[in-house]
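Engineer: Using the working numbering, the first residue of the first sequence is number 202, and each one after it goes up by one.
Glycine included, each C-beta is placed from N, C-alpha and C at the ideal position.
Bear in mind the structure is a predicted one, so any value in this text is a computation, not a measurement.
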Amino acid sequence: MPELPEVEVVRRGLERHVLGQPIASVEVLHERPVRSHVAGSAAFAEEMAGRQFVGARRRGKYLWLPLDSGDALMAHLGMSGQMLVQPAGQTDERHLRVRFVLGDHELRFVDQRMFGGLSISRDGAELPPEIAHIAPDPMEAAFDLDAVVARIRRSQSGIKRLLLTQTVVSGVGNIYADESLWRARLHGERAGSRLGRAVVLELLGHVQDVMAEALAQGGTSFDSLYVNVNGQSGYFDRSLDAYGQEGRPCSRCGTPIRRVAFMNRSSYFCPRCQRPPR
DNA sequence: AAGGTCTCCTGAGGGC
DNA sequence: TGCCCTCAGGAGACCT
């Protein structure tokens with residue numbers, strides 16, 4: 202479940218269900234999700250066995266579970282990754298990739314497309330060095346609003362591209378970028394440098410609001426790929442004003458929402474509320 | 001610098 | 001039924 206609210210739903214579930222029990226065994230059913238562990242999948246499994254998860258943390262879309270060794274299990278869900286907690290012996294999911302056996306239940310990494318993955322981060326308990334370059338997300342204490350506003354206003358890039366750049370602000374993906382821009386009445390191609398400070402502040406406020414609202418609804422899911430650790434879907438899809446709404450009337454002005462190609466995917470916006478630059 | 005395109009994968013769904 | 005096309009909540013490499 203790609204964006205911040207969905208990943209946070211997962212983090213909370215992991216915090217409740219996988220801490221404080223030794224990992225009895227690990228089974229890697231597909232090599233690809235552990236590709237960044239250079240020592241190989243057998244070494245990955247061997248190293249995890251016997252350890253214990255002692256926390257569940259997140260920055261943006263990255264999750265990590267600090268271990269009692271001082272290392273951490275890092276996870277990125279990519280486009281289709283899931284972390285599921287299941288009773289031991291439950292039928293394997295079709296796309297089950299890695300299984301962690303914890304007493305009478307299992308933590309399962311299930312991922313259809315395998316753009317995501319797991320890795321062991323050396324001394325990564327506090328902040329895995331692999332993701333030290335990722336910017337703080339809008340929900341953490343380290344988020345520096347003034348610095349982000351300044352960074353955006355210094356750039357000639359389009360504002361949507363900036364929202365999606367994880368080194369500017371992390372956790373925002375295609376859905377919440379489009380929703381925030383719609384709320385701020387901004388077209389995604391407007392250059393950051395052409396936006397006033399107050400406008401950027403308002404936009405970032407919408408980013409925080411829309412993700413907080415989505416989190417309160419359990420995240421956004423259109424289908425069974427986006428679920429919490431118990432396999433349940435969130436409900437925020439009912440509250441979307443722009444994303445996925447092509448042809449439906451804008452809830453502010455009634456103009457049909459438009460879809461355009463952007464970065465090999467789509468952007469949704471109201472052509473009347475969100476005027477393109479020049 | 002900025003922004004386009006392609007790639008990594010496995011589907012689902014529509015058109016014919 | 002099948003085939004071919006497009007699309008998908010990510011992200012990084014490569015090219016201009």
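Compute the Euclidean distance between the alpha carbons of Gly329 and Val370, then round it to the nearest angstrom.
Structural biologist: A quick correction: the sequence has Pro, not Gly, at residue 329. Going from the Cα of Pro329 to the Cα of Val370 covers about 17 Å.
Engineer: Using DSSP with H/G/I as helix, E/B as strand and the rest coil, what is Gly506?
Structural biologist: The structure shown does not extend to residue 506, since the chain is modelled only from 202 through 479, so no value can be given for it.
Engineer: In the DSSP assignment, the alpha helix (DSSP H) including Phe437 goes from what residue to what residue?
Structural biologist: Segment: none, Phe437 is in no alpha helix (DSSP H) and carries neither H nor E.
Engineer: Here's the rule I'm using: 16 or more other beta-carbon atoms within 10 Å means buried, otherwise exposed. How should Ala342 be labelled?
Structural biologist: exposed
Engineer: Closest to His296 by C-alpha separation, out of Gly406, Phe310, His306, would be which residue?
Structural biologist: Phe310
Engineer: Can you tell which of Arg460, Gln433, Leu426 has the C-alpha that lies nearest to the C-alpha of Asp442?
Structural biologist: Asp442 has its Cα closest to that of Arg460, out of Arg460, Gln433, Leu426.
Engineer: Taking 8 Å as the cut-off, does the stretch 384-398 touch the stretch 353-363 (at least 3 CB pairs, one atom from each stretch)?
Structural biologist: yes
Engineer: Any idea what DSSP makes of Ile321, helix, strand or coil?
Structural biologist: strand
Engineer: Can you name the residues that DSSP bridges to Gly282?
Structural biologist: Asp312
Engineer: Going by alpha carbons, who is nearest to Phe245 out of His231, Pro203, Ser320?
Structural biologist: Ser320
Engineer: Does DSSP put Pro330 in a helix, a strand or coil?
Structural biologist: helix
Engineer: How about Phe301 and Val227: are their beta carbons less than 8 Å apart?
Structural biologist: yes
Engineer: Between the alpha carbons of Val428 and Val235, how many angstroms are there, rounded?
Structural biologist: 22 Å
Engineer: Name the two residues that bound the continuous beta strand (DSSP E) containing Glu228.
Structural biologist: 226-229
Engineer: In this structure, how does DSSP classify Arg298 when only helix, strand and coil are distinguished?
Structural biologist: strand
Engineer: If I follow the unbroken beta strand (DSSP E) through Val461, where does it start and stop?
Structural biologist: Note, Val461: beta strand (DSSP E), 459-463.
Engineer: Which residues in the same chain have their Cβ closer than 6 Å to the Cβ of Met412, if we skip the five residues on either side of it in sequence?
Structural biologist: Leu205, Pro206, Tyr377
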